[in-house]
Amino acid sequence: MTDVIGWLDEYAWGAWVILRVFCVAAVLTVIFGVLGAAARLAGGWSSRIAGVYVTFFRGTPELLVLLLFYFGSAVTLTAIAQWFDADAGFVDIPPFWAGSLAIALIAGAYATESFRGAFLGVDSGQIDAARSLGLRPWAVLIFVRLPQAWRIALPSFGNHLISLMKDTALVSVIGLNEIMFTAKMATSVTQAPFTMFAVVAVIYLAFTTGLTALLRWLELRANRHLAR
Amino acid sequence: MSFDVGLIFESLPQLIEGLWLTLILLGASLSGGAVLAIPTVWALLHAHRAVRAPAQAYVWMFRGTPALVQLFVIYYGLAQFEWLRETAAWTLLREPFWCCVLAFSLNSGAYTAEILRGAISGVPAAQREEAWTLGFSRSQTFRLVVWPQALRLALPPYSNEVVGMLKATALASTVTLAEITGIAETIAAQTFAPYEVFLAAAAIYLALAWMCQRVLQWIERRLTWPA
Numbered sequence: 001m002t003d004v005i006g007w008l009d010e011y012a013w014g015a016w017v018i019l020r021v022f023c024v025a026a027v028l029t030v031i032f033g034v035l036g037a038a039a040r041l042a043g044g045w046s047s048r049i050a051g052v053y054v055t056f057f058r059g060t061p062e063l064l065v066l067l068l069f070y071f072g073s074a075v076t077l078t079a080i081a082q083w084f085d086a087d088a089g090f091v092d093i094p095p096f097w098a099g100s101l102a103i104a105l106i107a108g109a110y111a112t113e114s115f116r117g118a119f120l121g122v123d124s125g126q127i128d129a130a131r132s133l134g135l136r137p138w139a140v141l142i143f144v145r146l147p148q149a150w151r152i153a154l155p156s157f158g159n160h161l162i163s164l165m166k167d168t169a170l171v172s173v174i175g176l177n178e179i180m181f182t183a184k185m186a187t188s189v190t191q192a193p194f195t196m197f198a199v200v201a202v203i204y205l206a207f208t209t210g211l212t213a214l215l216r217w218l219e220l221r222a223n224r225h226l227a228r
Numbered sequence: 001m002s003f004d005v006g007l008i009f010e011s012l013p014q015l016i017e018g019l020w021l022t023l024i025l026l027g028a029s030l031s032g033g034a035v036l037a038i039p040t041v042w043a044l045l046h047a048h049r050a051v052r053a054p055a056q057a058y059v060w061m062f063r064g065t066p067a068l069v070q071l072f073v074i075y076y077g078l079a080q081f082e083w084l085r086e087t088a089a090w091t092l093l094r095e096p097f098w099c100c101v102l103a104f105s106l107n108s109g110a111y112t113a114e115i116l117r118g119a120i121s122g123v124p125a126a127q128r129e130e131a132w133t134l135g136f137s138r139s140q141t142f143r144l145v146v147w148p149q150a151l152r153l154a155l156p157p158y159s160n161e162v163v164g165m166l167k168a169t170a171l172a173s174t175v176t177l178a179e180i181t182g183i184a185e186t187i188a189a190q191t192f193a194p195y196e197v198f199l200a201a202a203a204i205y206l207a208l209a210w211m212c213q214r215v216l217q218w219i220e221r222r223l224t225w226p227a
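The listed protein sequences derive, respectively, from chains S and H. If you're matching positions, the first sequence starts at 1 in the working numbering and goes up one per residue. If you're matching positions, the second sequence starts at 1 in the working numbering and goes up one per residue.
Below, the structure written as structure tokens:
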């Protein structure tokens, strides 16, 4: 245990990197999810493209998506750089951004289905009522459909956010210096790998437990009109 | 840079060699998970808090941490314990393969137990009461009334668990195992053609995921009787 004390600042730094990856990816997940759901609902070819997006990212291992993104983007960027300057060396997207983008695309595929289902799940009587009250189409969307869809989407979307939090661990594989890196570094000095990786597990457990509590509070809030 | 469709087909035979390891890891982990899930779900539903608490802690810990971290705790971590290195178990635990099987089984066990718990709670309470009125014993009620229905309710979420575990087997490549993802990484490093090779690997996973889902849907249909 005394081994860990000296490394706490390094772990705090690594945990901060994880939180930043999570926040960036969570915002991107909402964007991809909304775009995906809109495309799915629009019908026609956009619906088909969104369907391929959802199937691909839900059926491919997260790790493989990450490798595809990181190494794929590096090869493309290097080729572009060499097109301009034949002596250009290896160019890559920073692992922070490649990783955040890749895990957000995966979570976005799951969010697409949650958002689509939630949007369709809003009682059609509500929409008829809003229209008959004279609300314009945008007002029906903003004040009636979206707030209620949010409430329906929250439980499943929350689960996808928890998965996203756990997926941040994968970003270490493409070389981002976060808590897994801290654990490896600390292990090479202290020769106590179990302790050092267990600390990583404890940090993740704290994050997922905190996120679960936050989501439960949001759900209670979203359903407060139902409370008796 | 160019996209070489031919390379996708050239890399497929090599990737297929990793398919066996992926399938073995999947089968072993799901079996291990099922073995762990049964006592865990029994404990989760137990009336005594002292029995429930350790099972709840197990499920909470393994569902709340990334599978990659669990794998690293086992693969890198266990060597820290001198006493363990002197036992017979060490001949297995120093192999990355058995570390993966252990880590993935523990992970799958937690998820499967939670699925089963949900399914057992999903069987209407009236069924239990009626079985009791008909004179069934507690164990008969569970074996003949609750369990068969719970298994059927558990199948749809279990199919997600199977696909999730299939995707988790890719993590084995981080501890040097040459399953599909591990082989893909090697070929991509040699050919410097990540798109072609990783997309070919993704195609294999997608086909596997699709097959797993079809098999489970088939079982589900077999087990569903007209309402």
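All C-beta atoms, glycine included, are put in the ideal place defined by N, C-alpha and C. As the structure is a computational prediction, the values presented were derived from the model and not from experiment.
Simplified DSSP state of residue i, which is helix, strand or coil
i	result
S:ILE93	coil
H:LEU177	coil
S:THR182	helix
H:GLU86	coil
S:THR60	coil
H:VAL101	helix
S:LEU66	helix
H:HIS48	coil
H:GLU95	coil
S:ASP3	helix
H:TYR76	coil
H:ARG152	helix
H:SER159	helix
S:ASN223	coil
S:ASP128	helix
H:SER29	helix
S:PHE32	helix
S:GLY117	helix
S:LEU102	For the record, residue 102 of chain S in the displayed sequence is Ala; it is not Leu. DSSP places S:ALA102 in helix when its eight states are reduced to three.
Rounded straight-line distance, which links the Cα of residue j to that of residue i
i	j	result
S:TRP150	S:PRO61	28 Å
H:GLU161	H:PHE81	32 Å
S:TRP45	S:PHE69	25 Å
S:PHE84	S:LEU101	26 Å
H:ASP4	S:PHE90	21 Å
H:ILE183	H:LEU7	14 Å
H:GLU130	H:VAL123	12 Å
H:VAL145	H:ALA43	20 Å
S:ASP9	H:PHE62	26 Å
S:ALA192	H:LEU68	18 Å
H:LEU206	S:LEU135	45 Å
S:VAL52	S:LEU63	19 Å
H:LEU134	H:ALA126	12 Å
S:ALA201	H:ALA168	17 Å
H:ILE38	S:ALA81	56 Å
S:PHE197	H:THR65	11 Å
S:ALA88	S:MET165	36 Å
S:SER163	S:THR208	9 Å
H:THR191	S:VAL75	11 Å
H:SER105	H:TRP60	15 Å
H:LEU45	H:ARG52	7 Å
H:GLU95	S:GLY117	45 Å
S:VAL17	S:PRO95	12 Å
S:ARG221	S:SER188	47 Å
Residue burial classification, residue i (beta-carbon count within 10 angstroms, cutoff 16)
i	result
S:TRP7	buried
H:GLU17	exposed
S:ILE31	exposed
S:ASP128	exposed
S:GLY121	exposed
S:ILE5	exposed
S:ARG40	buried
S:GLY210	exposed
H:GLN70	buried
H:ALA150	buried
H:THR176	exposed
S:ASP123	exposed
S:VAL199	buried
H:PRO194	buried
H:ARG117	buried
H:SER29	buried
S:ALA206	exposed
H:ALA110	buried
S:LEU237	Residue 237 of chain S is absent from the structure shown; chain S starts at 1 and stops at 228.
H:MET211	exposed
beta-carbon residue i near the ligand ADP non-hydrogen atom, thresh 7 Å
i	result
H:LEU102	Although the ligand ADP was asked about, the structure shown includes no ligands whatsoever.
Problem set entry | Length-filtered (4 minimum) alpha helix (DSSP H) runs lying within the segment 142–215 of chain S | The DSSP assignment places complete alpha helix (DSSP H) segments of no fewer than 4 residues inside the segment 142–215 of chain S at 146–167, 179–190, in order along the chain.
For this session: Run through the segment 184–219 of chain H for me and flag every whole beta strand (DSSP E) of 3 or more residues, listed as ranges in chain order.
Result: Correct list: empty.
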